[in-house]
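Chains as they are written, first to last, in this note's numbering: chain A, 1476 to 1848; chain B, 1476 to 1848.
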């Protein structure tokens, strides 16, 4: 099969998720769409019990294990339901009788996790919060007080709405650290051994929406009461190698392609260097704008994945900000508007966002400032 | 964008699910994969909060409403987690205090639903079972005894593994009838008003795996205790129009394309006629084979979606059956082997399976019988 392509119109996509996918991955999906590897069918049309799909599933897992350096005593599973389902699944599986959950509160996503703990009647406590700092930073180590026998400590490694990101994680000793890593997984090297459980909706750095990757220390998956609904127990998915019921096969296939793409990019260290370069370029443009652009996030907590900033003045000039989004769109740059709950601008720099895209954006920002500054 | 296609190898795909998709749908997906409607991005890369995706979501719902003739007092939602998640979600949402669930037991899928009722400690009873008939038919009306004040009556309209299908549904009066319609939704006209809730994993007649369509009478969705996890309450998805958290956007998009395809095929009545013709052709070949092919399912319960049969002799000759699958595969026909739990053959005739495919199969069956009969 050959494709002759005329005028494919692709924008620079700064969406916060679902978000940009690498062009080579999309091209491969397109190439294989009617006939995957001579099977005569699309991956979407394939039985999840076929050797072909079992291979696709195993390759996606192997790719994650390799690039994220996941040790053997951790299971890697593909769970349906979106990362938000994990706000309930984590406590259903990891709570110990009469022990509480320590939650570190850094904004919208930890608030959602907190809401499900409350709803489930699960004993918990906020072990630290930066609410008084409007979540414009993550907690500093002395601000965190942990319960020595907690069921687990919970945090969100990157906060898409607030634009903050953890760099050094709290030491939790024997208490497992559980991380919502939806928006920065695979963006930088991390030591999986520091965590008891990591979960991530795929739709930022791993693939399309519709599947959640869970990395869980195998012994912790055995904590769950066996009367928890079958599909909500991690052990079900571990035992069945993510094939207990029909999985979101096409999304898992794309995770595998994303891992192939990471390999072709030089692995996670190379991807991390590129992410550093992109963030440096964008924050540099903001900080060097003489106040025309303003990032409210404290410097040491600034996210390399989601850069939030205001335009026109420190608190943002909404008229100018609206114009920014409109002119950026006309210049072929999508997804620059901030989250509806906070306003301003938000630019997401996930792995698939190229240096070329960020350069185009910063060029646009210089020009926009010249015109409106 | 244009495609020049050379030698696309497509098999006749009789998989039980995930299963064949219509070629025009796959071609449309391919055409739009890098740039959906001039947006400059794939549907996979689109924010679920964008007007573009809201339109895709609304179109998929409107298509289902039109083709399945869904009344306004029913909500139509796209729920992540696969149909198996519904085995827990249905009781979590629809159980009334101290009332029991009446379950009509017709095989593997109702057994799974039963397992989750037991696990959840939910009062229930088997209102009818054809286990003594090895599930080779569905119950006859006099065999069904219903509880007048049950929370709901539960059945599975089409049993993929046993090859049975309901044609006339039991009258449940004021008690809502809940149907797992995963494997025959959109294959024939049904009166939605007879049901309180219908759910269906998309991966047979509606699209790819990874999304479940739930059609629920709005008043029933209000039964749920508000302390049920947010994502497991139907009302959450109804209120948010399936956009509470990031939905499986690409799968929902394909549901919309499938509904467009149904329209182009002439609507559900035309699709149903075609399904009847396909089933008549295949069952006719089996019944006219002088016993070489044998369908164990009682005639009035035979599924038009999943045709199960044995080859060689009534109980099946495993050597000949293995050869059947192998020779069929060589002749470009995939997915003819029976479910691992029962053996024999199984041929699925979902909407996307063409008359041409079934004709090729029955031609092959005549030839195979000549050679091995």
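Cβ atoms here follow ideal geometry from the backbone N, Cα and C, with glycine treated the same way.
Quick caveat, the model's predicted, so the values are computed rather than measured.
Counting other Cβ atoms within 10 Å of its Cβ, residue 1732(A) reaches 16 or more and is therefore classed as buried.
DSSP places residue 1630(B) in the strand class (E or B) of the three-state scheme. Assignment of residue 1827(A) by DSSP, reduced to helix, strand and coil, places it in the coil class. Rounded to whole angstroms, residue 1823(A) and residue 1550(B) show a C-alpha spacing of 34 Å.
Contact annotation, residue 1783(A) with residue 1820(A): C-beta distance approximately 7 Å; criterion of less than 8 Å satisfied.
The beta carbons of residue 1486(B) and residue 1530(A) sit no closer together than 8 Å. Residues of chain A with a Cβ closer than 9 Å to the Cβ of residue 1724(B) are, in chain order, 1493, 1678, 1683, 1684, 1685. The beta carbons of residue 1776(B) and residue 1639(B) sit closer together than 8 Å.
Proximity of the segment 1746-1758 of chain B to the segment 1829-1847 of chain B meets the contact definition, three or more beta-carbon pairs being nearer than 8 Å.
In this structure, DSSP gives residue 1833(A) a helical state, which the three-state scheme calls helix. Here residue 1820(A) is bridged, per DSSP, to 1784(A), 1812(A). With a contact defined as Cβ atoms closer than 8 Å, residue 1684(A) and residue 1723(B) qualify at about 6 Å. The continuous alpha helix (DSSP H) containing residue 1761(A) extends over residues 1742-1762. Contact holds between the segment 1689-1706 of chain A and the segment 1667-1677 of chain A, because three or more Cβ pairs, one in each stretch, are under 8 Å apart.
Closer than 8 Å at the C-beta level to chain B, one finds these residues of the segment 1569-1597 of chain A: 1590, 1591, 1594, 1595, 1596. For residue 1563(B), the enclosing alpha helix (DSSP H) stretches over residues 1558-1569. Residue 1631(A) and residue 1653(A) have their C-alpha atoms some 8 Å from each other. Contacts between residue 1522(B) and chain A, judged by CB atoms closer than 9 Å, involve 1490, 1491, 1492, 1493, 1494, 1809, 1810 in chain order.
By DSSP's assignment, residue 1640(B) forms a beta bridge with 1633(B). Residue 1772(A) has a beta carbon lying at 8 Å or more from every beta carbon in chain B. Taking 8 Å as the cut-off, the Cβ atoms of residue 1661(A) and residue 1737(A) count as close.
Excluding sequence positions up to five before and after residue 1682(B), its CB lies within less than 7 Å of the CB of 1726, 1729, 1730, 1733, all in the same chain and listed in chain order.
Annotated three-state conformation of residue 1731(B) is helix, per DSSP.
A distance of 8 Å or more separates the beta carbons of residue 1532(B) and residue 1720(B).
Within the segment 1497-1532 of chain B, complete beta strand (DSSP E) segments of at least 3 residues are not found at all. Within 10 angstroms of the beta-carbon of residue 1555(A) lie 16 or more other beta-carbons, which makes it buried.
Cα atoms of residue 1668(B) and residue 1644(B): separation of roughly 12 Å, rounded to the nearest angstrom.
The continuous beta strand (DSSP E) containing residue 1674(B) extends over residues 1672-1676. Partner residues in the beta bridge of residue 1652(B), as assigned by DSSP, are 1628(B). Taken through DSSP and simplified to helix, strand or coil, residue 1666(A) comes out as coil. Of all residues in the segment 1500-1513 of chain A, only 1501, 1502, 1504, 1505, 1508, 1509, 1510, 1513 place a beta-carbon less than 8 Å from a beta-carbon of chain B. With fewer than 16 other Cβ atoms inside 10 Å of its own Cβ, residue 1601(B) counts as exposed. Residue environment for residue 1501(B): buried (at least 16 other C-beta atoms within 10 angstroms of its C-beta).
Residue environment: residue 1517(B) is assigned as buried (16 or more neighbouring CB atoms within 10 Å of its CB, all protein chains considered). Of all residues in the segment 1546-1566 of chain B, those with a C-beta nearer than 7 Å to a C-beta of chain A are 1555, 1556, 1557, 1559, 1560, 1563, reading in chain order. Within the DSSP secondary-structure output, residue 1578(A) pairs in a beta bridge with 1601(A), 1629(A).
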